[in-house]
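Numbering (our numbering), first residue to last: 36 to 332.
Note that the Cβ used here is the ideal one computed from N, Cα and C, for glycine as well.
Everything numeric in this text was worked out from a predicted model, so none of it was measured.
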């Protein structure tokens, strides 16, 4: 399958890292790209508490063989090295990108060939932007610890709605019926895209046990692809069972010669369902890559 993946550089880590009680995030960033007036900061309304059934984690060794993959770079594109990528997706010939860091979080449209920002809005400086997804004509954006998300018109970026959730916000995608969200744990949450209420959840595992630090998400041909924070790996997840069906190792995709300033981890997966292209990039990376997955024999 020819896939175009946009990655955020992650440091190597075990396939099934252990959870942390509090996830550290960078507090400093390079000078931001000029941006327009910040969006609303989010109201203090307490988030709703959801109670949904949790699928049990499978015992190690009970699932089928896990396929491992490396990659082949098909194309390379410029990427804004000041963009702390938290969400990425392709649509109508452009990339939509959500970026993070306090005081620098944004939502933008980007021209792939040049990396030029075509349209951008900024979040309030008190918000740390996270994952994005487009469902119909609406674009959804999460924030990290503020427990508030935003719904926009995907074309104009007009703010349509503000909503709350009881966990941290990390990644978000959808399967055509439900939104799928991660919070940095081993759990994927399923939301009704209209009511934004939780309708289910599943815990993710591989042959070593729970897989935590699930970050940016992308729905790819019936599976959820998830960056695992602080690693160079992407997990391929069966969203019905939570079972990891494959591991994609992107180690070395950003070479030392590409780096002229500090970069952060691999983060950002974009899949074009019409063309089968897979893209990856990372936080503060100067490049974005279209890749093809290569099975490891």
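Close beta carbons around residue 206, own chain, < 6 angstroms, minus the five adjacent residues each side: Here residue 206 refers to the residue found at position 171 when the chain shown is read from its first residue. Result list for residue 206: 166, 217, 250, 251 and 252, in chain order.
Anticipated Cβ contact below 8 angstroms, residue 106 with residue 319, distance rounded: One-based indexing of the chain shown puts residue 106 at position 71. One-based indexing of the chain shown puts residue 319 at position 284. Taking 8 angstroms as the upper bound for CB-CB distance, residue 106 and residue 319 are not in contact here, some 20 angstroms apart.
Meets three-Cβ-pair contact criterion under 8 angstroms: the region 273 to 282 and the region 304 to 315: no
Boundaries (first-last residue) of the beta strand (DSSP E) holding residue 217: For the purposes of this step, residue 217 is taken as the residue at position 182 of the chain shown. Following the DSSP letters along the chain, one finds residue 217 inside the beta strand (DSSP E) bounded by residues 214 to 217.
Beta-carbon proximity list for residue 150, same chain, < 8 angstroms, skipping 5 on both sides: As a working note, residue 150 is residue 115 in the chain shown. Closer than 8 angstroms at the Cβ level, and outside the excluded window around residue 150, lie 112, 113, 114, 115 and 323.
Supposed contact pair residue 155 and residue 136 - C-beta distance, whole angstroms, cut 8 angstroms: Within the chain shown, residue 136 is the residue found at index 101, counting from 1. Within the chain shown, residue 155 is the residue found at index 120, counting from 1. Contact flag wrong, Cβ pair sits at about 15 angstroms.
From 262, 227, 288 and 284, residue whose alpha carbon lies closest to that of residue 123: Residue mapping note: residue 123 aligns to position 88 of the chain shown, counting from 1. Checking every option, the nearest Cα to that of residue 123 belongs to 262.
Three-state class that DSSP yields for residue 222 in the structure shown: One-based indexing of the chain shown puts residue 222 at position 187. If DSSP states are grouped into helix, strand and coil, residue 222 belongs with the strands.
Given 8 angstroms, three or more beta-carbon pairs between the region 217 to 235 and the region 195 to 206: yes
Assigned secondary structure, residue 44 (DSSP; H/G/I helix, E/B strand, else coil): As a first step, residue 44 must be located in the chain shown, where it is residue number 9. The predicted model places residue 44 with a pLDDT of 34, which falls under 50 and marks its position as unreliable; any figure quoted below should be read in that light. Of the three classes helix, strand and coil, the one that applies to residue 44 here is coil, per DSSP.
DSSP three-state assignment for residue 293, whether helix, strand or coil: Residue 293 sits at position 258 when you count from the first residue of the chain shown. If DSSP states are grouped into helix, strand and coil, residue 293 belongs with the helices.
Proximity below 8 angstroms, CB of residue 121 to CB of residue 184: The residue given as residue 121 occupies position 86 in the chain shown. The residue given as residue 184 occupies position 149 in the chain shown. The answer is no: Cβ separation not under 8 angstroms.
For residue 71, the three-state DSSP class (helix, strand or coil): For the purposes of this step, residue 71 is taken as the residue at position 36 of the chain shown. Residue confidence for residue 71 is low, a pLDDT of 40 falling below 50, so the modelled location carries little weight and cannot support an answer.
Simplified DSSP state of residue 241, which is helix, strand or coil: Taking the first residue of the chain shown as 1, we reach residue 241 at position 206. Residue 241 falls in the strand class under three-state DSSP.
Range covered by the beta strand (DSSP E) that runs through residue 326: Taking the chain shown and counting its residues from 1, one reaches residue 326 at position 291. Per DSSP, residue 326 belongs to the beta strand (DSSP E) from 322 to 330.
Candidates 180, 177, 234 and 191: closest to residue 153 by CA position: Position 118 of the chain shown, counted from the start, is the residue given in the question as residue 153. The residue with the shortest Cα to Cα distance from residue 153 is 191.
Which of helix, strand or coil DSSP assigns to residue 114: What you label residue 114 is simply residue 79 of the chain shown in a count that begins at 1. Looking at residue 114 - three-state DSSP - the assignment turns out to be coil, as it is neither helix nor strand.
For residue 318: DSSP bridge partner residues: Locating residue 318 in the chain shown gives position 283, where the first residue counts as 1. For residue 318, DSSP assigns no beta-bridge partner whatsoever.
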